[in-house]
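Notes for the one structure printed next.
There are 2 protein chains.
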Amino acid sequence: MLSANPLLTQFQKTRSLSQAETAALSKVPLRRVALRPEEPMVRAGDHTTSCILVLDGMLATSKVDGAGRRQITAIHIAGDFPDLMSLHLDLADSDIRAVAKAEVASINHDHLRRLALDHPNLAAKLWRTVLVDAAISREWVLNLGQRESMTRMAHVLCEILLRMQVAGLANGNTCRMPLTQVNLSEVTGMSLVHVNRVLQQLRRKDLITLAKGQLDVLNWAGLVKVGDFSAEYLHIVKH
Amino acid sequence: MLSANPLLTQFQKTRSLSQAETAALSKVPLRRVALRPEEPMVRAGDHTTSCILVLDGMLATSKVDGAGRRQITAIHIAGDFPDLMSLHLDLADSDIRAVAKAEVASINHDHLRRLALDHPNLAAKLWRTVLVDAAISREWVLNLGQRESMTRMAHVLCEILLRMQVAGLANGNTCRMPLTQVNLSEVTGMSLVHVNRVLQQLRRKDLITLAKGQLDVLNWAGLVKVGDFSAEYLHIVKH
DNA sequence: CGTGGCCTTGACAGGAGTCAAGTATGGTGG
DNA sequence: CCACCATACTTGACTCCTGTCAAGGCCACG
Chain R
-2 MLSANPLLTQ FQKTRSLSQA ETAALSKVPL RRVALRPEEP MVRAGDHTTS
48 CILVLDGMLA TSKVDGAGRR QITAIHIAGD FPDLMSLHLD LADSDIRAVA
98 KAEVASINHD HLRRLALDHP NLAAKLWRTV LVDAAISREW VLNLGQRESM
148 TRMAHVLCEI LLRMQVAGLA NGNTCRMPLT QVNLSEVTGM SLVHVNRVLQ
198 QLRRKDLITL AKGQLDVLNW AGLVKVGDFS AEYLHIVKH
Chain Z
-2 MLSANPLLTQ FQKTRSLSQA ETAALSKVPL RRVALRPEEP MVRAGDHTTS
48 CILVLDGMLA TSKVDGAGRR QITAIHIAGD FPDLMSLHLD LADSDIRAVA
98 KAEVASINHD HLRRLALDHP NLAAKLWRTV LVDAAISREW VLNLGQRESM
148 TRMAHVLCEI LLRMQVAGLA NGNTCRMPLT QVNLSEVTGM SLVHVNRVLQ
198 QLRRKDLITL AKGQLDVLNW AGLVKVGDFS AEYLHIVKH
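Going down the list, the sequences are from chains R and Z.
Residue numbering for the first sequence is -2 to 236, as defined by the numbering used here.
Residue numbering for the second sequence is -2 to 236, as defined by the numbering used here.
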């Protein structure tokens, strides 16, 4: 099938669809948008009328505090819907921007609402992704609040690799990882200098390789242990 | 009306309801549960078949890391639905327990699902609360990741007072605040000792009074400033 | 009146931030 | 093809915020 609707493709990944669902999904119009590195897709305060589906690359949701310090509150890879919340919340409370070059599909709210009303199973799947994102957010609160820096960093790397694997975007224990050390400092709440030192500790322990936008986990069990990582919070469904 | 259905009461707070909606809400059976301090209502790993509506007191959602350190990821006051996520996620990923004495209503999943399917406006309201909780969670990530300890603490206190006010549970700038300093350390990711020192700084600046389970914000503007607080993330609707 | 929970205080150590400088790396234009 | 520049990464020195340890005080309750 030539250039299938990526929305349809995404839904097919987790569940077999009825004829009606497939038809409805195919009919949803998408607007493809290419993003350059750092380019914002949504800004805090925006009133949006469409949702995003990530097609390629990586985006990050972030907030900035009064002193101008930025915190990344979520990262999004291909297949993620970073701002489904805009369906029910009037104003965006965070920025969403590309980490590196990325491509997204913009889906009109009205079309998504129609889809959700007509097809409860598709609505349920959408809501499930919102809830998983919320679960990830809670785990990040734990990560930032309680875990020491090396554990915190290892945990983040575990999550990234595992999510990439589940999305079919990893090659064994290797995946693209476009976050710079500055970005990682915005994820982990540590200073850039400390990020650098912690990464070197992880390298020295032969747990990871991380260079040129590529992450290679040399010792998954070891990284999981150092990172106090346990995947339940990702609510991954096996099939 | 004698002892109205608290679920109905909660929904009436934000929107006037249709006859059908009122009738449907009135018919939903609730099971009232009284909780003693620290008593868990949900545990991580549980498969639940009902949701919670907080009727009185305060609950907290928390996670524990591998070293046994507990992080509170959300606090819930009367009118909140702490675990709507259980409607679509099989297993709980966090504990939910009473902070002090509390009372909750337990609502069967099936009844809520029926309600949501039959009354899209009620479903939308429920989802909106889920999304606001997620927005709060993102703000907490920012708070934990970027803000220094005094700002962090002030921010938490601002959020608590404002939410209590919106819920009609405050008396001017005073409200019940059953979180102990240990609890506040679990919220802010700081040590108990440091919580104590930071609270004293806030008191010395004549910003707050906090004792015997009661918070009094003496200088709201001042606390907002110290706490880098801005309420947008709570998505409060005026009416 | 004793006991436990909660709060307070002091001393000390160390993890992590900041400042500052220097080293790759990769893209661009002359 | 090479010089140049921007971006990203690395390293060292120093400071200080915050955690830990330890002890003690204050209440409420049985």
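Glycine included, every Cβ here is placed at the ideal spot set by N, Cα and C.
These figures come from a predicted structure and were not determined experimentally.
By the C-beta density criterion, ASP130(Z) is buried, having at least 16 other C-beta atoms within 10 angstroms. In this structure, GLY219(R) is the residue among GLY219(R), GLY210(R), GLU183(R) and ASN180(R) with its C-alpha nearest to the C-alpha of GLN198(R).
Separation of PRO79(R) and ALA132(R) (C-alpha to C-alpha, rounded to the nearest whole angstrom) is 14 Å.
Chain-ordered, the chain Z residues with CB closer than 9 Å to the CB of GLU229(R) read ALA41, GLY42, LEU88 and ASP90. Going by DSSP, VAL129(Z) is part of the alpha helix (DSSP H) stretching over 117 to 143.
When secondary structure is reduced to three states using DSSP, PRO3(Z) falls in the helix class. Look at THR19(Z) here: in three-state DSSP terms it is helix. Listed in chain order, the non-local C-beta contacts of GLU18(R) below 8 Å within the same chain comprise PHE8, HIS116, ASN118 and LEU119, local neighbours out to five positions each way being set aside. The region 43 to 55 of chain Z makes contact with the region 86 to 97 of chain Z: 3 or more CB pairs, one atom from each, lie closer than 8 Å. One finds LYS60, VAL61, ASP62, ALA64, ARG66, ARG67, GLN68, GLU183 and GLY186 in chain Z with Cβ atoms closer than 9 Å to the Cβ of GLN143(R), taken in chain order. Looking at ARG149(R), GLY76(R) and LEU22(R), the one whose alpha-carbon comes closest to that of VAL192(R) is ARG149(R). Note on geometry: alpha-carbon atoms of GLY42(Z) and ARG67(Z) lie some 16 Å from one another. HIS232(Z) is not a Cβ neighbour of LEU22(R), given a cutoff of 8 Å. Here the C-alpha atom of ALA1(R) lies approximately 50 Å from the C-alpha atom of LEU154(Z). DSSP places ILE49(Z) inside the beta strand (DSSP E), whose first and last residues are 47 to 53.
Counted as a single uninterrupted DSSP element, the alpha helix (DSSP H) harbouring ILE157(R) occupies residues 146 to 163. For SER59(Z), the enclosing beta strand (DSSP E) begins and ends at 56 to 61.
For ARG125(R), at least one C-beta of chain Z is nearer than 8 Å to its own C-beta.
Around the beta carbon of THR11(R), fewer than 16 other beta carbons lie within 10 angstroms, which makes this residue exposed. Taking each of SER227(R), GLU229(R) and VAL101(R) in turn and checking the Cα distance to ILE74(R), the smallest one comes out for VAL101(R). The C-beta of VAL190(Z) comes no closer than 8 Å to any C-beta of chain R.
Counting the other CB atoms within 10 Å of its CB gives ARG144(Z) a total of 16 or more, which places it among the buried residues.
Measuring C-alpha to C-alpha distances from VAL184(Z) to each of VAL214(Z), THR171(Z), GLN211(Z) and ALA151(Z) identifies ALA151(Z) as the nearest. Taken through DSSP and simplified to helix, strand or coil, ALA228(Z) comes out as helix. In this structure the region 222 to 229 of chain Z does not touch the region 171 to 188 of chain Z; the number of beta carbon pairs closer than 8 Å is below three.
Taking C-alpha positions only, LYS235(Z) is separated from ASN140(Z) by approximately 25 Å.
Counted as a single uninterrupted DSSP element, the stretch harbouring ARG33(R) is not any alpha helix (DSSP H), since DSSP gives it neither H nor E. Taking 8 Å as the Cβ-Cβ cut-off, the region 98 to 129 of chain R approaches chain Z at LEU114, PRO117, ALA121, TRP124, ARG125, VAL127, LEU128 and VAL129, given in chain order. The residue from GLN178(R), LEU158(R) and SER182(R) with its alpha-carbon nearest to that of LEU204(R) is LEU158(R). Residue contact check for ALA151(Z) against chain R: no CB pair falls below 8 Å.
Straight across, the Cα-Cα distance linking PRO37(Z) with SER103(Z) is about 14 Å. A check of alpha carbon separations from ARG125(Z) across MET82(Z), LEU181(Z), LEU88(Z) and ASP107(Z) identifies MET82(Z) as the nearest.
For PRO3(R), the number of other beta carbons within 10 angstroms of its own is at least 16, and it is reported as buried. Here GLY76(R) is near ALA164(R), since their CB atoms are less than 8 Å apart.
Against chain Z, the beta carbon of MET55(R) has no neighbour under 7 Å; the closest one sits roughly 18 Å away. Within the same chain, THR206 and LEU207 come within 8 Å of ARG200(Z) by CB-CB distance, once the 5 residues on both sides are set aside.
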